[in-house]
Amino acid sequence: MKIVFLGDIVGRPGRRAVKELLPKIKEEYSPDLIVANGENAAGGFGLTTEVAAELLNHGVDVITLGNHTWKNREINQVFERFRQVLRPANYPPGTPGEGYGLFVSKSGYEVGVLNLLGQVYLDPPVECPFRVAEESVDFLKSKT
């Protein structure tokens, strides 16, 4: 299985690079799943519904977020509209959005994607990514 992960897409220049280069990557490598970090895709801070739709329309399958998840007040609408957008799973319980999910790859297999955030130099603090990873992976395994 081939998975492409695109690092931090920042603002309009990053989105333009996705639009122009992702078709070439898809042609050359034929990935089964494309995951991209989009936490700075809207003007360098956060993600909007419009920008999420743009990235998904350009071929991104799953969008991950990070410590800039809450930089745009529209983020709750993004979570409601797009289940392909994942916030870090180790945010506190009850936080809007999902931190992991199962997604069907181009080859038809279900792929678990888990998004975690480290704990160093972050405010507010998040739960231990290692503990959350163990729980989340166990849950994803039970569903596949």
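So in our numbering, spot 54 of the sequence shown is number 167, and the numbers just go up one at a time.
Ideal placement from N, C-alpha and C gives every residue a C-beta, glycine not left out.
One or two residues paired with residue i in a DSSP bridge
| i | result |
| --- | --- |
| Asn150 | Thr177 |
| Phe118 | Val148 |
| Leu230 | None, per the DSSP bridge assignment. |
| Leu199 | Thr177, Glu211 |
| Val123 | Asn153 |
Contact check, residue i vs residue j, beta carbons under 8 Å
| i | j | result |
| --- | --- | --- |
| Gly212 | Pro201 | yes |
| Ser220 | Asp145 | yes |
| Asn150 | Gly172 | no |
| Leu199 | Gly214 | yes |
| Ile188 | Gly159 | yes |
| Leu227 | Val250 | yes |
| Gly203 | Val233 | Per the sequence presented here, residue 203 reads as Asn, with Gly not at that position. Not closer than 8 Å, so no. |
| Gly157 | Gly210 | no |
Same chain, Cβ closer than 6 Å to residue i, five either side skipped, listed in chain order
| i | result |
| --- | --- |
| Ala155 | Thr161, Val164, Asn185 |
| Val191 | Leu160, Thr162, Ala165, Val198 |
| Thr177 | Asn150, Leu199, Asn228 |
| Ser218 | Asp145, Leu146, Val224 |
Which of helix, strand or coil DSSP assigns to residue i
| i | result |
| --- | --- |
| Val224 | strand |
| Tyr213 | strand |
| Val131 | helix |
| Val245 | helix |
| Tyr204 | coil |
| Lys71 | Nothing about residue 71 can be reported from this structure: the residues present for the chain run from 114 to 257 only. |
| Arg186 | coil |
| Asp252 | Sequence check: residue 252 is Phe here, not Asp. Here Phe252 sits in helix by DSSP. |
Residue i Cβ short of 7 Å to the ligand SAH heavy atom set
| i | result |
| --- | --- |
| Arg200 | This structure lacks the ligand SAH; in fact it carries no ligand of any kind. |
CB contact below 8 Å: residue i versus chain B
| i | result |
| --- | --- |
| Gly210 | Chain labels in this structure do not include chain B; a single protein chain is all it has. |
Chain-order list of residues whose beta-carbon lies under 8 Å from that of residue i (same chain, five-residue window excluded)
| i | result |
| --- | --- |
| Thr208 | Arg200 |
| Ile122 | Arg128, Ala130, Val131, Ala149, Asn150, Gly151, Asn153, Ala154, Leu168 |
Sequence-distant residues of the same chain with beta carbon closer than 7 Å to residue i, five excluded per side
| i | result |
| --- | --- |
| Gly231 | Pro242 |
| Lys137 | none |
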